[in-house]
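Protein chains: 2
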Amino acid sequence: MAKTAQGAAAPTDRAPGKRARLVQAAKDLLYEQGVERTTLAEVAARADVPPGNVYYYFKTKDDLVEAAIASQREDVESTLAGLETHRTPKARLRALVRVFIDAREQVARSGCPQGSLCSELDKRADRLSDACGELMRLPISWAERQFAEMGRRDAPELAVALIAGYQGAALLANTFRDPDLLAGEGKRLERWIDGLS
Amino acid sequence: MAKTAQGAAAPTDRAPGKRARLVQAAKDLLYEQGVERTTLAEVAARADVPPGNVYYYFKTKDDLVEAAIASQREDVESTLAGLETHRTPKARLRALVRVFIDAREQVARSGCPQGSLCSELDKRADRLSDACGELMRLPISWAERQFAEMGRRDAPELAVALIAGYQGAALLANTFRDPDLLAGEGKRLERWIDGLS
DNA sequence: GTCTATATTTAGATAGAC
DNA sequence: GTCTATCTAAATATAGAC
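These protein sequence lines are chains A and B, in that order. Each step along the first sequence adds one to the number in our numbering, with nothing skipped, and position 114 is 114. So the mapping is simple: our numbering equals the position in the second sequence, first residue as 1, plus 1000.
Following this line, the structure appears as structure tokens:
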């Protein structure tokens, strides 16, 4: 069974892209407005799908949110995979920080896509908060591998420190609507990485 | 006009504590469940006030949320004021990190009270997100004063780094339900403060 | 298999009783 | 001044038409 670039196909092949459009619209709106404030009607409208029709593709709103999280997960995996072109682990870690800095305008507007999702869904204790945990684990595990490859025994702690530093800076940049705050913290993290043996 | 320990009095003095109970219940529930998932009926129930009666004290839900944020603000101010007993700025900063670490169980369960509020309300652009900004500014300004007193020219950046580090660690600790993660990052921040000249 | 009209629920808010 | 019964609106979800 082939998997298309648009993700899992709809129940049949008759509605090309509709399911994918719903997932994309949901991902965007959940990020911009938060999960609770986003209605299925809004998602349907942005995806250009008749309202109410959403339930043909997703049994519940949570199911749609879960699909949006899975899509974010693919985005993160793709971004991390793209960093592998750099030759040294230190260069790869710096490149990750670059990715953070480059997204500063968007982050100042709506926060970190993964971080704000975790913050909202962590209040619950269900499969959605679990999915968020997996999402957040990805960059930490990736960074941990890089630090380990540098020979650092404290790779797990360093990875947590790096991602925590970014997440905190993203929250503050969003709170103060200040992309420069994120850029400044990014620079700090770069210097910190450079200083590691 | 005297201000009681319970905060601003109700429109009259006839309903002693009811308004304060509503604010306290709202503060707790907004923290535990998030703003959007908390209903006025739940707040009323926890405050032991008849449902629907909330509107006698607060014209809208946003008004109640705003009062809860103001109450959080007082909590933060009180905590920061309590740190002034320490004699040196470095000791005061370390004491702040201690406060973070001591709250690790609660943070692992429901996140940082200020951070999760900011994360959710920053998606909006209204007086509530503004109030969150003020809330988050408090510890940063306080830390900045300590670093400045230590003679650091880069006090603003250091203050942002400290609070960002905590906020990020709080988010991860909540996401992974791991108080030890926060304790570990707290230790890191303590060592970082100690290493500053 | 695909989609729409409608039902159900529940939130926030208010008019008016006490 | 204080509180309650009720309204309105809007969200999620479903039965059933096409």
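Even glycine gets a Cβ: it sits at the ideal position worked out from N, Cα and C. All values reported here derive from a predicted model rather than from experimental measurement.
In this structure, A1173(B) places its C-beta atom within 8 Å of the C-beta atom of L1182(B). Interface residue (Cβ-Cβ distance to chain A less than 8 Å): K1018(B) is not classified as such. In this structure, S119(A) and L1171(B) form a Cβ contact; the two beta carbons are roughly 6 Å apart against a cut-off of 8 Å. For R188(A) against A108(A), the beta-carbon gap comes to about 17 Å, at or over 8 Å, which does not count as contact. Contact annotation: the segment 73-90 of chain A does not touch the segment 37-57 of chain A, with fewer than three C-beta pairs closer than 8 Å. Inclusion of G1184(B) and Y166(A) in the CB contact set at 8 Å is not warranted, their separation being larger than that value. Setting aside the 5 residues that flank it on each side, V1097(B) is surrounded in the same chain by G1186, L1189, E1190, each with a C-beta closer than 6 Å to its C-beta; the list follows chain order.
The contact set of T1175(B) on chain A, defined by CB atoms closer than 7 Å, consists of C118, D122, C132, G133, M136 in chain order. Residues of chain B whose Cβ lies closer than 8 Å to the Cβ of R188(A) are, in chain order, E1157, A1161. Distance check between D75(A) and each of K123(A), D122(A), V23(A) places V23(A) closest, using alpha-carbon atoms only.
Residue-level contact by beta carbon holds for A1164(B) and chain A, with a gap shorter than 8 Å. Among the CB atoms of chain B, none fall inside 8 Å of the CB of L96(A).
Relative to Y31(A), the option among G17(A), L196(A), A91(A), A68(A) whose CA is nearest is A68(A).
C-alpha of S1129(B) to C-alpha of Q1106(B): approximately 23 Å in a straight line. Under the DSSP assignment, A41(A) falls in the alpha helix (DSSP H) whose first and last residues are 40-47. Taken in chain order, the complete beta strand (DSSP E) segments of 3 or more residues contained in the segment 1158-1189 of chain B number zero; there are none.
Proximity to P1139(B) across Q1072(B), P1179(B), R1127(B) peaks at Q1072(B), based on C-alpha coordinates.
Comparing alpha carbon positions, the residue from Y1055(B), P1156(B), G1195(B) closest to D180(A) is P1156(B).
Nearest to E1149(B) by alpha-carbon distance, out of A1047(B), G1115(B), L1121(B), K1090(B), is K1090(B).
For E84(A), there is no enclosing alpha helix (DSSP H), as DSSP marks it with neither H nor E.
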